[in-house]
Every structure is written in C-alpha cells, then in structure tokens.
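Presented below is the structure to which this report refers.
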Amino acid sequence: MLEERQKYYLDILALVLPYARNVQTWGVVDRVFKLNLYPELERVHNIPPLVCNCNYSMQDVYWLNTQAKNYLIECDKKERPHSECIRANILKIANSLPVKLKDKLDYKINNLLETSILSPL
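Going by numbering that gives the first Met the number 0, the residue at position 27 of the sequence shown is 26; the numbering climbs one at a time, nothing skipped.
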C-alpha cells in the first residue's frame with residue numbers, strides 16, 4: 000500500500016511525463032518557441048527515489064528546497080501546464096512533513112508556498 004506522500008509524488012509524475020512525451024508530436028517551431036519543459040523535467044528527475052521510500056527523509060526536504068522551490072518561482076513568472084495541480088501536491092507534501100523535517104525547509108520555500116499556492120494563478 001502506498002503512503003500519501005508517495006501518491007503526491009506519483010500524481011506529479013503522472014501529470015508531467017505524458018505531457019512531456021506529447022510535446023514530441025508538436026511541430027519543430029512549436030517545440031522550440033512555444034514551451035520550454037525544463038522546469039517540469041528538472042522537478043521530476045529526483046522523484047523516483049522518493050517514491051520508493053515510504054518514510055519522509057532529508058531527500059524530501061532537499062526536493063522541496065530545490066526542485067519544488069524553483070518550479071514555484073517559474074510558475075510565478077509564467078503559467079505552466081498542470082501548474083495548479085502540481086502546486087497543490089507540493090503544498091500537500093510540505094504540509095505533511097514531520098515537524099523535525101519541516102523546520103529544515105528554507106524560508107524561501109515557506110514564503111513561496113504561502114504566496115504562490117494559496118493565491119489563485
């Protein structure tokens with residue numbers, strides 16, 4: 000049985016990976032100029048080991064302080080595909096961290112979570 004945190008990470012993967020694959024069906028001009036998927040792919044490349052682990056760890060904190068933080072910053076600049084659902088999952092992961100790990104979150108990520116996710120796009 001999967002833990003809730005694993006489901007949040009899998010939801011993010013389920014949103015990003017099919018979209019990234021489907022971009023390859025676009026024409027060359029659209030792929031080059033329409034959308035850069037780097038923020039999405041940067042965010043998910045460290046998720047597989049997180050899904051394999053049932054318990055929260057410093058890896059979760061690292062992911063929130065780096066990949067998730069950078070994604071939230073990118074979302075503030077430009078709306079991203081599935082950003083509302085992904086941002087909601089980031090918030091769920093951050094809120095469900097045990098207190099001893101939650102204290103290790105960067106101030107910046109806490110600030111982004113409060114201003115970005117809780118406010119509408």
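Backbone N, C-alpha and C fix where the C-beta goes; we use that ideal spot for every residue, glycine too.
| Proximity below 9 Å, CB of H81 to CB of V15 | yes
| In terms of residue numbering, what span does the alpha helix (DSSP H) encompassing D105 cover? | Looking at the DSSP string, D105 is not in any alpha helix (DSSP H), and its letter there is neither H nor E.
| said: Out of Q66, L49, P48, N54, which one is the CA nearest neighbour of Y37? | reply: Measuring from the Cα of Y37, the nearest candidate turns out to be Q66.
| field | Rounded straight-line distance, which links the Cα of I89 to that of D105 | value | Rounded to the nearest whole angstrom, the C-alpha separation of D105 and I89 is 14 Å.
| request: Using three-state DSSP, classify W62 as helix, strand or coil. | output: helix
| task | Please check the pair L9 and Y55, which I expect to be a contact at CB under 8 Å, by giving their CB distance rounded to whole angstroms. | result | Rounded to whole angstroms, the Cβ separation of L9 and Y55 is 16 Å, and the two are not in contact under 8 Å.
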